[in-house]
């Protein structure tokens, strides 16, 4: 059996919990704790991704990016 890549597993866990992949950027730690099958390393990875994406120096650009991604996710659902 082929091993699942870490990122693929993380996306699969979120999808099984009913979250779109883009929600990884906005999900809170409190919400992640409630997701079945998520582990502490998964939560740490999500928080790391969130901090890197949200550390964008231009906050207007960052806000527009998140708004566009959420709008696209809502349209796809």
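Numbering (my numbering), first residue to last: 4 to 80.
Don't be surprised by glycine CBs; every beta carbon is placed ideally from N, CA and C.
Quantities reported herein were computed from a predicted structural model and do not represent experimental measurements.
In this structure the segment 19 to 30 lies against the segment 65 to 75, because at least three pairs of beta carbons, one per stretch, are closer than 8 Å. With contacts defined by Cβ atoms closer than 8 Å, residue 46 and residue 16 do not form a contacting pair. The C-beta distance from residue 38 to residue 20 rounds to 4 Å, short enough to fall under 8 Å. Separation of residue 34 and residue 78 (C-alpha to C-alpha, rounded to the nearest whole angstrom) is 22 Å.
Taking each of 57, 49 and 30 in turn and checking the Cα distance to residue 12, the smallest one comes out for 49.
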